[in-house]
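Participant: Numbering (this note's numbering), first residue to last: 210 to 813.
The beta-carbon is built from N, C-alpha and C at its ideal position, and this holds for glycine as well.
Pasting a structure below so you can have a look.
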Ligand code: GTP
Ligand code: SPV
Ligand code: MN
């Protein structure tokens with residue numbers, strides 16, 4: 210990083226108990242320290258002993274609150290600044306030399322300008338603070354999928370979250386050896402000033418810089434910054450894919466297993482689908498769902514002509530509100546030990562946590578996410594809508610035995626899905642791979658609290674990657690098309706919509722565990738054991754083929770949410786044509802052809 214220098218000798222860095230002799234790591238730490246001028250450098254080794262002392266220190270300074278250790282062993286609580294509660298898309302930049310390479314969807318800044326600006330913002334901002342050096346691996350260390358990152362940060366909260374979300378420890382240095390390469394991440398809270406908040410990605414230098422935030426998605430640099438934005442660029446170069454997808458395994462009554470990856474935008478149901486508990490009669494027959502991942506998938510073609518996926522993360526940074534014993538008991542169980550809660554409410558009667566939807570009735574008295582006394586009659590939310598839990602994957606009762614597999618799992622199906630009140634049916638199947646890429650590219654979804662800005666606004670979010678693709682979106686579509694050519698046995702591609710609404714804004718599909726009913730249809734389609742009707746947009750189920758056993762639900766509503774309204778889709782096609790315009794000649798011709806077919810089908 211070409212930061213301005215305040216001379217620090219390598220000897221001084223080494224004398225701070227550096228855990229590696231890797232020159233590139235030492236150089237990166239030296240330059241970061243010269244810039245931010247911390248009083249001290251602490252090398253994180255991943256040991257429980259070191260993490261325990263950091264937790265203790267964070268409690269002492271008030272950065273974290275220790276929760277009821279009988280009810281929630283190893284659990285802590287953290288509040289972010291009021292202005293710092295979600296990802297900030299308008300302050301998230303791709304900094305590559307050529308503006309065109311970032312594409313029309315990304316915010317772009319010239320790398321020289323971005324380094325200079327961030328350097329000025331972060332200069333001296335770690336004075337009086339400690340800089341922690343975190344070695345971490347995305348993926349199991351030693352897997353051909355995995356990649357190493359080093360994040361320097363002035364936040365204990367970041368260290369402790371990274372230690373849950375990634376594989377942190379000295380084995381990363383062993384793997385790097387004397388001159389191995391890694392993704393550089395520089396994070397400084399600075400003054401948590403929203404006017405000087407920047408989340409910068411330099412895909413040409415494998416570098417990330419994050420300043421003036423302390424919220425998860427902006428500062429846990431292994432997650433969206435590395436595992437999606439930088440990794441999407443690596444994947445394009447190296448022939449693989451980094452996707453905003455959950456990965457789940459389905460075990461059938463006869464013991465066979467299938468794996469599915471699904472891309473839904475932020476706060477649109479990935480964690481919930483990944484940890485789904487099937488309805489009773491499925492359980493009785495022997496169906497089981499297991500979680501491989503809930504947010505990110507790294508996907509490669511295997512020697513067998515299939516796509517293989519791993520989850521590069523090691524924990525779940527999940528949306529708290531709405532999580533309860535009924536909607537997602539597995540996620541709830543995962544949060545009962547070793548979890549950090551951020552911006553939920555505290556129940557002072559027993560020093561535990563609460564959020565909207567945890568119980569039907571709110572406790573009489575809480576401390577809300579802002580730290581103020583709260584009672585149910587106040588009409589405000591006790592927990593922030595984007596409040597989160599950071600939970601170790603090992604605490605999830607339905608974690609797949611393939612979670613730590615170095616090869617990952619072979620995919621039978623890829624599912625796209627958004628939050629659409631109208632138009633998009635409960636489920637449909639694409640005609641083939643290229644048409645599936647089209648289906649992903651035309652995704653729209655209503656915005657949620659996971660990013661700052663208005664909630665409920667319909668916007669395009671292709672493949673749920675709008676905020677996470679590190680290069681030109683049309684080239685990304687092209688990469689999907691190219692990947693299809695490399696695999697003889699591609700997964701089948703589907704689209705789902707759990708969020709169709711009735712006249713009074715009520716959801717028309719029960720969702721959650723009942724999504725198993727749709728998943729079953731999807732997997733039967735993969736096996737070719739269920740028929741479907743061909744429509745203007747693709748294959749849609751016959752209502753009779755969706756199992757409604759044990760559900761108080763009428764076929765008419767089901768037929769309504771399976772119906773493909775050609776007039777609406779014709780208007781949608783026109784709207785998509787407008788959206789595609791910004792991509793110009795870079796848009797793959799296959800997508801343009803699919804759009805023309807859609808329009809023609811709607812007029813037939
Ligand atoms: P990120 O972590 O932001 O990427 O979110 P996510 O995609 O993992 O979303 P998550 O599963 O946490 O769900 C977000 C919100 O959607 C929660 O409030 C859920 O209660 C709600 N939700 C999830 N699945 C369903 C569903 O099938 N139907 C309905 N109606 N709501 C759902
Ligand atoms: C998302 O917003 O998609 C998340 C949470 O998974 S964050 O880590 O903030 O990106
Ligand atoms: Mn996400």
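(1) I need the DSSP call for residue 210, collapsed to helix, strand or coil.
(2) Measure the beta-carbon distance from residue 499 to residue 460 and round it to whole angstroms, keeping in mind my assumption that it falls under 8 Å.
(3) At which residues does the beta strand (DSSP E) containing residue 420 begin and terminate?
(4) How many angstroms separate the CA atom of residue 412 from the CA atom of residue 361?
(5) Just to confirm the assignment, what range does the beta strand (DSSP E) spanning residue 347 have?
(6) Buried or exposed for residue 534, going by 16 or more other Cβ atoms inside 10 Å?
(7) If you draw a straight line from the alpha carbon of residue 301 to that of residue 331, how long is it in whole angstroms?
(8) What separation, rounded to the nearest whole angstrom, lies between the Cα atoms of residue 447 and residue 306?
(9) Judging by CA-CA distance, which residue of 308, 228, 348, 282 is the nearest neighbour of residue 615?
(10) From the DSSP secondary-structure annotation, give me the bridge partner or partners of residue 701.
(11) Can you find a heavy atom of the ligand SPV that lies under 7 Å from the Cβ of residue 602?
(12) Taking just the CA atoms, how far does residue 732 sit from residue 226?
(13) Classify residue 544 as buried or exposed, calling it buried when 16 or more other Cβ atoms lie within 10 Å of its own Cβ.
(14) Sort 310, 520, 630 by Cα distance to residue 715 and report the nearest one.
(15) By how many angstroms is the C-alpha of residue 473 removed from the C-alpha of residue 212?
(16) With a threshold of 8 Å, are at least 3 pairs of Cβ atoms found where one atom belongs to the segment 254 to 274 and the other to the segment 743 to 760?
(17) Run the Cβ filter for me: residues under 6 Å from any heavy atom of the ligand GTP, listed in the order they occur in the chain.
(18) Looking only at its chain, what residues have a beta carbon closer than 6 Å to the beta carbon of residue 763, apart from the 5 residues adjacent to it on each side?
(19) Relative to the alpha-carbon of residue 710, which residue among 725, 674, 665, 729 has its alpha-carbon at the smallest distance?
(20) Considering only the alpha carbon of each residue, which of 703, 497, 761, 528 lies closest to residue 657?
(21) Going residue by residue through the segment 376 to 427, where are the continuous beta strand (DSSP E) segments of at least 3 residues, counting only ones entirely within it?
(22) I need the straight-line Cα distance from residue 344 to residue 386, nearest angstrom please.
(23) Looking only at its own chain, which residues have a Cβ that is under 6 Å from the Cβ of residue 456, when we skip the five neighbours before and after it?
(24) Hey, residue 561 and residue 369: beta-carbon distance below 8 Å or not?
(25) Compute the beta-carbon to beta-carbon distance between residue 554 and residue 592, rounded to the nearest angstrom, for a pair I have assumed lies under 8 Å.
(26) Helix, strand or coil, according to DSSP, for residue 331 in the structure here?
(27) Which ranges would you report for the beta strand (DSSP E) in the segment 248 to 305 if only whole runs of at least 3 residues count?
(28) Can you tell me the Cα-Cα spacing of residue 258 and residue 265, whole angstroms?
(29) Work out the CA separation of residue 780 and residue 808 for me, nearest whole Å.
(30) Rounded to the nearest angstrom, what separates residue 572 and residue 578 at their Cα positions?
(31) Tell me the rounded alpha-carbon separation between residue 445 and residue 251.
(32) Hey, how far is the Cα of residue 383 from the Cα of residue 392?
(33) In angstroms, rounded to a whole number, what distance separates the CA positions of residue 778 and residue 812?
(34) State the Cα-Cα distance for the pair residue 727 and residue 635, rounded to the nearest angstrom.
(35) With respect to 7 Å, is the separation between the Cβ of residue 438 and the closest non-hydrogen atom of the ligand SPV below this value?
(36) Please return the same chain residues whose Cβ sits closer than 6 Å to the Cβ of residue 620, not counting the five positions on each side in sequence.
Facilitator: Checking against the coordinates, here is how it stands:
(1) A caution first: residue 210 carries a pLDDT of 46, below 50, which makes its placement in the model unreliable, though a value can still be read off. Here residue 210 sits in coil by DSSP.
(2) 7 Å
(3) 416 to 420
(4) 18 Å
(5) 339 to 347
(6) exposed
(7) 16 Å
(8) 20 Å
(9) 348
(10) 622
(11) no
(12) 53 Å
(13) buried
(14) 630
(15) Unreliable placement is indicated for residue 212, whose pLDDT of 45 sits below 50; the coordinate value is still reported in the next sentence. Spanning the two alpha carbons is a distance of roughly 38 Å.
(16) no
(17) 473, 475, 476, 477, 478, 479, 480, 481, 503, 504, 527, 528, 530, 531, 536, 659, 707, 708, 716, 720, 721, 724
(18) none
(19) 665
(20) 528
(21) 392 to 397, 407 to 411, 416 to 420
(22) 13 Å
(23) 470, 501, 502, 506, 518, 520
(24) no
(25) 5 Å
(26) helix
(27) 249 to 252, 285 to 287, 301 to 303
(28) 11 Å
(29) 9 Å
(30) 15 Å
(31) 35 Å
(32) 16 Å
(33) 10 Å
(34) 8 Å
(35) no
(36) 468, 470, 516, 518, 700
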